[in-house]
Amino acid sequence: MPELPEVETVRRGLEPVMDGARFAKVEVHRGDLRWPLPKDFKERLQGKTVTGLGRRAKYLLADLSSGDVLLMHLGMSGSFHVFRETGGKKLARYYHAREKHVAHDHVVFHRSSGAIVTFNDPRRFGSMKIVARDRLDAEPLLNRLGPEPLGNAFDAAMLAAACTGKKTSLKAALSDQRVVAGLGNIYVCEALHRARLSPKRIASTIASKTGAPNERAERLVEGIKAVLDDAIKAGGSSLRDHKRPDGDLGAFQHHFRVYDREGQRCITPHCPGTVKRIVQNGRSTFYCPICQK
Ligand SMILES: [Zn+2]
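In structure tokens:
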């Protein structure tokens, strides 16, 4: 399941082909993604210009000249691919000639620039929705999301306030999209390791009784921002070096410190620990029991 850094990487990869160009034509091969596409999906896109491509948590938001916003979510297995119309001018390095219709290409955007953007999703947990911009604040997919972890407003005080009185584990609290948006299993594990905090620690222990942040909350916010920044940088370099024949945006190699490293040495300097795997709320947690307290 893509998390915030992967979605941000996709946003940066798509921005040059989405922003500033019109939807010349929209093809829908399967209208039943996670939810059915709206009946007027094509009509509300065709002829409209994208005036900006943003991101909120794991949603991509394409602002349209009509006042609508196209919301897109990758789900479990969704990916965007960018192609060049045959005979079109050269666009960018990660463009590829589109030989033929590919299985699971459910939605195809023909851009007025000559680029073709396909949305491919074998498991169909991805979704697309069109919402009027002035109704975005009331949109149920977005309006319960917590703060953006890379936003300036997200700091130790905000995280501590969200964790005050919470008797769940830190792992569960950080995975809760209402506490902080966009983190999933991988980056929660990685952020906790950077912050040297145990995933089993009770969430309320990063705040005083009155909700003021302590030094743990400071470390945790630093760890969250650092791990996301590093992953986005890694994603950015994977876009620049893109040589995969399928033009896939969204998959890149990370260097994880604990995730999927069960039984291997902890890489914290001078820590003699071994990475351990436990199960919390049905998901694997990887951590070092020696340096994460
Ligand atoms: Zn360790």
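The working numbering numbers the first residue of the sequence shown as 46 and each following residue consecutively. The beta-carbon is built from N, C-alpha and C at its ideal position, and this holds for glycine as well.
(request) List the endpoints of the continuous beta strand (DSSP E) containing N165. (result) A160 to N165
(request) Say whether chain C places a C-beta atom closer than 8 Å to the C-beta of H151. (result) Reference to chain C is not applicable here, since this structure consists of a single protein chain.
(message) Going by DSSP in three states, D182 sits in which element: helix, strand or coil?
(response) helix
(request) Grab me the residues of R79's own chain with a C-beta within less than 8 Å of its C-beta, minus the 5 sequence neighbours each way, in chain order. (result) H118, G120, R169, F170, G171 and S172
(message) Tell me the rounded alpha-carbon separation between I247 and Q309.
(response) 26 Å
(request) Please classify A206: does DSSP put it in a helix, a strand, or coil? (result) helix
(message) Taking 8 Å as the cut-off, does the region 79 to 91 touch the region 200 to 215 (at least 3 CB pairs, one atom from each stretch)?
(response) no
(message) I'd like to check one pair, K103 with G191: are the Cβ atoms closer than 8 Å?
(response) no
(request) Mind the definition here: the region 219 to 235 touches the region 48 to 57 only if three or more C-beta pairs lie below 8 Å; say whether that holds. (result) yes
(message) If the criterion is Cβ atoms closer than 8 Å, does the pair L273 and K338 meet it?
(response) no
(request) Closer than 7 Å by C-beta to G112: which residues in its own chain qualify, once you throw out the five before and the five after it? Chain order, please. (result) A177 and R178
(request) Give every residue of the same chain whose Cβ lies closer than 7 Å to the Cβ of V303, excluding the five residues on either side of it in the sequence, and list them in chain order. (result) C234, E235, H238, V320, F331, Y332 and C333
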